[in-house]
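Below is one structure, written out as structure tokens; the observations come after it.
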Amino acid sequence: MTTDANENLDDWLRDAHAMEQQAEKMLTAQSERLEHYPALRERIIQHIEETRWQQGMVDACIQRRGTSNSVLKDLGGKLAAFGQAVGGMAASDEVVKGAMAGYVFENIEIATYTTLIAGAEQVGDLQTKTACEQILVQEKAMAAWLLEHMPEVTKAFLLRDASPGMPAKV
Ligand SMILES: [Fe+2]
């Protein structure tokens, strides 16, 4: 049994669309809960905007290629479970776990778009390739920001957590 390269590409685009919907949910939940880490919250809000734009870009690729994204693949569900497991909303160190989970999620996105770019290149769909390249720049920037600010977030959390009367969790 074989699968046409275009069918694989269509599948991956649907996966990417489901992934971005999950990303928006996770980021929105995080940003709404964060109170004491304004720089992190700000960056997350910026990435929510980017994520919505990315959804539109991926959707346009799906539409243009003439496939439907109405059948959501189960990847979205899998990522949801992942987000809940790693996100650790109930954790007393939620902000740190959340930053870590965000970084891991961005790297899943980076891998997804790197794959999509290669696939689009292979089938000669240059519009999809260009769209995914534009998205990849944003995902790499978000991943880099999170990693760069991980020590700062961790230290701010530790300081707050060790101070009486200072909420540290979010
Ligand atoms: Fe992202």
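Using the working numbering, read the sequence shown as starting at -7 and increasing by one per residue.
Glycine included, each C-beta is placed from N, C-alpha and C at the ideal position.
Residue 134 has its Cβ nearer than 6 Å to a heavy atom of ligand 1. Rounded to whole angstroms, the Cβ separation of residue 128 and residue 102 is 7 Å, and the two are in contact under 8 Å. Between ligand 1 and the CB of residue 101, the shortest heavy atom gap is smaller than 6 Å. If you look at residue 121, you'll find it in the alpha helix (DSSP H) that goes 118 to 153. Residue burial annotation: residue 92 is buried, with at least 16 other C-beta atoms found within 10 angstroms of its C-beta. Note that the C-beta distance between residue 111 and residue 1 is below 7 Å. Between the beta-carbon of residue 161 and that of residue 86 there is about 5 Å, and that keeps the pair under the 8 Å contact cut. When DSSP states are grouped into helix, strand and coil, residue 30 belongs to the helix group.
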